[in-house]
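So in this note's numbering, spot 236 of the sequence shown is number 236, and the numbers just go up one at a time. The beta carbon of each residue, even a glycine, is placed where N, CA and C say it ideally should be.
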Amino acid sequence: MKNRPHVKYRHSFIRSAPCFPPVPTCSQKTGGYYTHVHFIDPSLPIHVPVLPQEILSWLAPRPGMILVDGTLGGGGHTRLLAEKLGNEGYVLAMDRDPAALAAAEKNLAGLPVKIAQSNFCDLAGVLDELNVPAVDGVLLDLGLSSDQLADESRGFSFDACGELDLRFNPDEGEPAWRLLARLEEREIADLIYQFGEERFSRRIARRIVEARAEAPLKSVQEIAALVRRCVPRSPKERIDPATRTFQALRIAVNRELESLELALARIPDRLKPGGRLAIISFHSLDDRLVKEAFRNDLRLEPLTKKPIIASDEETARNPRARSAKLRVAARTGVKSTEY
Ligand SMILES: C[S@@+](CC[C@H](N)C(=O)[O-])C[C@H]1O[C@@H](n2cnc3c(N)ncnc32)[C@H](O)[C@@H]1O
């Protein structure tokens, strides 16, 4: 992980904000958050932010605040927050993915947003570069964006034509196909079981090792088909049988749980007293880490007893929101040294 993240300075204001908000493209019928928009621009992000009203009400952006969006993605949440901050405040928006940053530079032009390519667990380093001791709130919307899913070259979707990469930052770490080529059968099985909670992990690992002995195993479609052959399709489950294995590989190549654990340990020290930490997770491994940290960390007071989930109305227009769980905590007066 980088110690000194590259910070790009973007601090111009709302004057030149784009006149239309992000909407899904025709091919991605994810349901539109902005239902009043009558035209579609393919250069805009297709990701629709989840729990938008809940994020606004829990982070309560006001003019002059400094907020952090640790997972910029398509910029949907950043935009919602930045629009409320006036000329004095700004959103520091971070992402590991250079493509997300490049798109946001264009799409968020004119809003009070500073963009940094960084892992959110390195927030302290970015804030030090900006000479900001503490912020009013931090949002982490975990996982991957619809834009990453739609980009065939990244291998996040089962239909992608290329190699199984699955890295948020293609310049960091190793692609998933290389992990599958390098690990031993038992290591592959453990990884798929631990990070994907996949019951058929041993069978999948065995088939992977058999297949790679015949020919290099790289292609997304080939690996997805191999996994599907190992996992009996349950009539109760609507997800593709390869979902849990792909999730496990994505978590492994991006070291997602490690990043989240580090972030949970470090971010509270950079929140002002009363400042809020809001985390949206999409699977139980992430949610468990967040729940435990909010419960046990004396620097944090949990504000949500149970996770907040999307309304039926939101899941109808944005199916991605179905598995979203939002937890929010506030910074207490307890210092790191007392803790
Ligand atoms: C669910 S999307 C965020 C969507 C965003 N909230 C929006 O409204 O468009 C998650 C994003 O977080 C990024 N990401 C995942 N883990 C990260 C980490 N540890 N540090 C920084 N960015 C991360 C991914 O690259 C992805 O772009």
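Legend entry - Buried or exposed (CB count within 10 angstroms, at least 16 for buried), Asp128: Under the 10 Å beta carbon count, Asp128 is surrounded by fewer than 16 other beta carbons and is classified as exposed.
Inset, instruction - Taking 8 Å as the threshold, find out whether the segment 64–71 comes into contact with the segment 83–94 through three or more Cβ pairs. - result: Under the Cβ criterion (8 Å, minimum of three pairs), the segment 64–71 counts as touching the segment 83–94.
Legend entry - Sufficient close CB pairs (3 or more, under 8 Å) joining the segment 322–338 to the segment 287–299: Counting Cβ pairs under 8 Å, three or more are found: they touch.
Inset, instruction - Measure the alpha-carbon distance for Glu184 versus Ile208 and round it to whole angstroms. - result: The alpha-carbon atoms of Glu184 and Ile208 are separated by roughly 10 Å.
Legend entry - Per-residue DSSP class, three states only, for Tyr339: Looking at Tyr339 - three-state DSSP - the assignment turns out to be coil, as it is neither helix nor strand.
Inset, instruction - Determine the burial state of Cys121: buried for a count of at least 16 other Cβ atoms within 10 Å of its Cβ, exposed for fewer. - result: Here Cys121 is buried. Its C-beta has 16 or more other C-beta atoms within 10 Å.
Legend entry - Any non-hydrogen atom of ligand 1 within 7 Å of Gly155 CB: No; taking the cut-off as 7 Å, the Cβ of Gly155 has no heavy atom of ligand 1 nearer than that.
Inset, instruction - Mind reading off the beta-carbon distance from Val138 to Arg320? Whole number of angstroms is fine, and I expect it under 8 Å. - result: About 21 Å; that fails the 8 Å criterion.
Inset, instruction - Report the rounded CA-to-CA distance for Ala103 versus Ala60, giving the unit in angstroms. - result: Near 26 Å, if we compare the C-alpha coordinates of Ala60 and Ala103.
Inset, instruction - Measure the Cβ-Cβ separation of Ala242 and Arg228 and say whether it is below 8 Å. - result: Yes, these two residues count as a Cβ contact at 8 Å.
Inset, instruction - For Leu92, I'd like the list of residues in its chain whose CB is within less than 6 Å of its CB, leaving aside the five on either flank, ordered along the chain. - result: Within the same chain, Leu92 has close Cβ partners Val68 and Lys114.
Legend entry - the segment 187–203 touching the segment 213–220, judged by at least three CB pairs closer than 8 Å: No, the segment 187–203 is not in contact with the segment 213–220.
Inset, instruction - Could you name the residues of the same chain whose beta carbon sits closer than 6 Å to that of Ile308, not counting the 5 residues immediately before and after it, in chain order? - result: So the list reads Glu54 and Leu326, once near-sequence residues are dropped.
Inset, instruction - Thinking Leu51 and Ala324 are a contact (beta carbons under 8 Å), I'd like their distance in whole angstroms, please. - result: Between Ala324 and Leu51 the Cβ distance is about 6 Å, and since that is below 8 Å, they are a contact.
Inset, instruction - Whole angstroms is fine: what's the gap from Glu301's alpha carbon to Ala263's? - result: Approximately 16 Å, taken between the alpha carbons.
Inset, instruction - Using the DSSP secondary-structure output, state which residues sit across from Ser281 in a beta bridge. - result: BP columns for Ser281 point to Lys325.
Inset, instruction - Pull up the distance between the alpha-carbon of Leu149 and that of Glu338, whole angstroms please. - result: When rounded, the distance between both Cα atoms is 43 Å.
Inset, instruction - Determine the direct distance from the alpha carbon of Leu101 to that of Val132, and round the result to whole angstroms. - result: Using only the alpha carbons, I get a separation of about 21 Å.
Legend entry - Same chain, Cβ closer than 6 Å to Trp177, five either side skipped, listed in chain order: Contacts found: Glu163, Leu164 and Lys218.
Inset, instruction - Kindly list the residues whose CB is nearer than 6 Å to the CB of Leu142, restricted to its own chain and excluding five residues on each side of it in sequence; keep chain order. - result: Scanning its chain for C-beta atoms nearer than 6 Å, with the 5 sequence neighbours on each side dropped, one finds around Leu142 the residues Ser281 and Asp286, in chain order.
Inset, instruction - Determine the direct distance from the alpha carbon of Asn254 to that of Ile267, and round the result to whole angstroms. - result: Going by C-alpha positions, Ile267 is about 19 Å away from Asn254.
Legend entry - Same chain only: Cβ atoms within 6 Å of Gln247, ignoring 5 sequence neighbours per side: If you ignore the 5 residues before and after Gln247, its C-beta comes within less than 6 Å of the C-beta of Gly196, all in its own chain and listed in chain order.
Inset, instruction - State yes or no: is the C-beta of Gly275 nearer than 7 Å to some heavy atom of ligand 1? - result: Result no, Cβ not under 7 Å from ligand 1.
Inset, instruction - Note down the Cα distance separating Leu130 from Ala224, rounded to an integer number of angstroms. - result: Those two C-alpha atoms are separated by around 44 Å.
Inset, instruction - Compare the C-alpha of His283 against each of Pro273, Ala293, Leu144 and Arg167 and name the closest. - result: Nearest to His283 by C-alpha distance, out of Pro273, Ala293, Leu144 and Arg167, is Leu144.
Inset, instruction - Could you tell me which residues DSSP puts in a beta bridge with Leu271? - result: When DSSP reads this structure, Leu271 sits in a beta bridge with Val135.
Inset, instruction - For Ala252, verify whether its CB is less than 7 Å away from any heavy atom of ligand 1. - result: Ligand 1 never approaches Ala252 closely enough for any of its heavy atoms to be under 7 Å from the residue's Cβ.
Inset, instruction - Please list, in chain order, all residues with a C-beta atom less than 5 Å from at least one heavy atom of ligand 1. - result: Look at which beta carbons fall closer than 5 Å to any heavy atom of ligand 1; those residues are His47, Pro49, Thr71, Gly73, Gly74, Gly76, His77, Asp95, Arg96, Asp97, Ala100, Asn119, Phe120, Asp141, Gly143, Ser145, Phe168 and Ser259.
Inset, instruction - Identify, in the order they occur along the chain, each residue of the same chain with its Cβ nearer than 8 Å to the Cβ of Gly275, setting aside the five sequence neighbours on each side. - result: Ala134, Val135, Asp136, Gly137, Val138, Ala330 and Arg331.
Legend entry - Reference Ser153, options Met94, Gln221 and Ala116, closest by Cα: By alpha-carbon distance to Ser153, the top candidate from Met94, Gln221 and Ala116 is Gln221.
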